[in-house]
Amino acid sequence: MSRSLNIVNPATGAPIRKVPMDSSASIDAKAARARRAQIDWAKAPWKVRRDALAKFDALLKAEKQPLAKLLSLETGKPISHALAEVGSVTGRIRFFIDHAKRVLSEETPYADDSITERISYDPLGVVANISAWNYPYFVGANVFVPALLTGNAVLYKPSEFSTLTGIKIADLLHRAGVPKAVFIPVLGDGRVGAQLIERPLGGIYFTGSYATGARIAASASKRLTRVQLELGGKDPAYVMEDADPAIAAVGLADGAFYNTGQSCCAIERIYVHKSVYASFVEAFVETVKGFKMGDPLDPATYIGPLTRPQRLGFLENQVQDAVRKGASRVMGGRRVSKSPGNYFLPAVLTDCDHRMLVMREESFGPLIGIQKVSGDAEAIRLMKDTDYGLTAGVYSKHFPHAKTVLDAMDTGSVYWNCCDRVSPNLPWSGRGHSGIGCTLGVHGISAFLQPKAWHLRRP
Ligand code: TXE
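In terms of our numbering, the sequence shown opens at residue 353 and continues consecutively.
In structure tokens form, the structure reads like this:
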């Protein structure tokens with residue numbers, strides 16, 4: 353008996369569509385098709401693969417409006433954020449197209465009159481891409497664009513919270529010239545994802561929570577399948593004594609609440625030097641009060657509904673736990689009870705400390721805890737008090753001072769006077785519970801290749 357996904361609008365609770373989920377048998381058939389098709393795809397001239405992804409880029413641009421509207425309808429992402437996401441994927445696609453050929457090229461690191469040493473690069477074969485819902489175009493393209501450019505086939509499982517967008521992505525890639533058997537969507541929930549990774553694969557590329565990532569790594573270890581995990585975070589920011597509190601407040605409010613706080617590299621906790629604490633909190637709260645909460649399809653909306661309904665109670669529990677332990681609830685912090693949508697009033701908690709869940713476990717929603725610190729040493733200790741290692745940032749006027757703090761961070765990315773940003777030029781990686789491996793940058797292209805060393809002695 354086949355199961356179905358019930359796609360629901362998070363802003364209204366209204367059903368959008370039922371989508372049948374893949375079964376074990378259909379996954380087997382798709383995996384077999386991909387294995388056969390990948391051989392010719394890898395042999396295809398570079399130009400064929402490059403032109404298909406360039407056409408995908410062009411289709412994304414041409415159809416940005418309807419794609420953004422579907423994304424907003426299905427995930428509750430404010431339409432302005434959805435347009436920004438679909439519109440910005442081009443930068444990542446262009447980067448991969450401009451750099452993949454060089455990363456793929458053979459190298460001859462050594463040659464003399466008898467020996468030549470050469471390195472060639474092979475694709476991994478068929479890879480599984482298990483993706484997340486919060487930025488389906490970004491986190492998807494980070495994986496399937498370089499995977500396809502380097503000659504791999506992709507079994508792509510969109511999150512159950514962004515299935516319709518995932519189906520659209522597959523349609524665009526196929527219309528762009530990627531063979532249907534080379535990029536195959538596998539539709540369903542976590543159970544379908546668990547069935548998918550049981551197949552023989554050249555690699556598993558996962559974006560999602562730490563808990564699920566750990567389960568996937570355990571499953572993959574039985575077959576020693578290559579695994580890449582882009583997981584959660586508890587990203588800290590520190591407002592130093594020489595920072596401009598008003599500038600820091602605007603930047604960090606956006607970093608904490610953009611995409612309704614549902615970003616892996618969203619600011620999740622803020623430490624403020626005691627000398628600028630009061631002025632920062634005042635400016636921060638004023639900025640957050642200016643964020644309009646409403647219908648995601650309204651261009652003026654900044655805060656939409658949570659994508660996942662079950663997170664309303666999770667966030668309320670973090671607020672209640674903090675207040676019970678002495679935090680001050682300056683604004684928001686509870687669901688909008690009369691709304692049929694998953695609306696959570698944007699919350700700012702002050703007087704926080706590390707006894708509170710809000711300062712330790714990922715919130716992944718419109719909720720932030722702020723803690724006063726006496727100086728850099730205390731800030732560094734608190735920022736490092738976490739199992740995660742995705743990003744960390746500081747606001748200050750003088751870089752040498754900022755660098756002493758950023759050098760101390762054990763994170764894949766660090767920020768000075770900015771936050772919550774990802775660049776195709778730079779490797780995107782997480783340490784500790786934030787993941788394994790790298791996407792973006794040239795590292796994010798090599799992640800889909802395996803080297804072959806050639807030792808050639810002339811007869
Ligand atoms: O993840 P889940 P969610 C993180 C973010 C947050 C989480 C939110 O920080 O922690 O993702 O996404 C499938 N075997 N990032 O709650 O539940 C599931 O169907 C195989 C970090 O959706 O882990 C979905 O497709 N698959 C990131 C996907 O895994 C399984 C950016 C993710 O689901 C499975 C975005 C199983 N046993 C979000 N169970 C970054 N660092 O860039 C579930 N799935």
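By construction, the Cβ of each residue, glycine as well, lies at the ideal position given by its N, Cα and C atoms.
Within the DSSP bridge table, the entry for Trp806 names Arg470 as partners.
Membership of Val675 in any beta strand (DSSP E) is not indicated; the residue belongs instead to the alpha helix (DSSP H) covering Arg663 to Arg676. When DSSP assignments are scanned along the segment 732-780, the uninterrupted stretches of beta strand (DSSP E) that are 3 or more residues long and fall wholly within it turn out to be 743-747 and 765-768. In the three-state reduction of the DSSP assignment, Ala570 falls in the helix class, which pools H, G and I. With 16 or more neighbouring CB atoms inside 10 Å of its own CB, Asn494 falls in the buried class.
Here Thr659 carries a coil assignment [DSSP, helix/strand/coil]. Here His625 is bridged, per DSSP, to Val725.
Shown here, Asn494 sits in a helix according to DSSP, grouped into three states. Gly492 and Thr515 have their C-alpha atoms roughly 12 Å apart. Placement of the Cβ of Ile431 at a distance of 7 Å or more from every heavy atom of the ligand TXE is found. In terms of CA proximity to Leu525, Arg401 leads the group Ser440, Arg401, Met645 and Asp606. Our two residues, Val455 and Phe535, have alpha carbons roughly 22 Å apart in a direct line. Straight across, the Cα-Cα distance linking Asn777 with Phe496 is about 17 Å.
In summary, Asp587 is buried, with 16 or more beta-carbon neighbours lying within 10 Å of its beta-carbon over all protein chains present. Beta-carbon to beta-carbon, Ser748 and Ala595 are separated by about 5 Å, close enough to satisfy the 8 Å threshold. When DSSP states are grouped into helix, strand and coil, Leu507 belongs to the strand group. Taking a 10 Å sphere around the C-beta of Ile445, we find 16 or more other C-beta atoms and assign the residue as buried. Between the ligand TXE and the CB of Cys771, the shortest heavy atom gap is not smaller than 7 Å. Rounded to whole angstroms, the gap between the alpha carbons of Gly642 and Cys616 is 23 Å. Residue pairing by DSSP leaves Thr517 without any beta bridge partner. The closest heavy atom of the ligand TXE lies less than 7 Å from the beta carbon of Ile482. Contact check for Ala754 against Met592 passes: the beta carbons are separated by less than 8 Å. DSSP places Phe696 in the strand class (E or B) of the three-state scheme.
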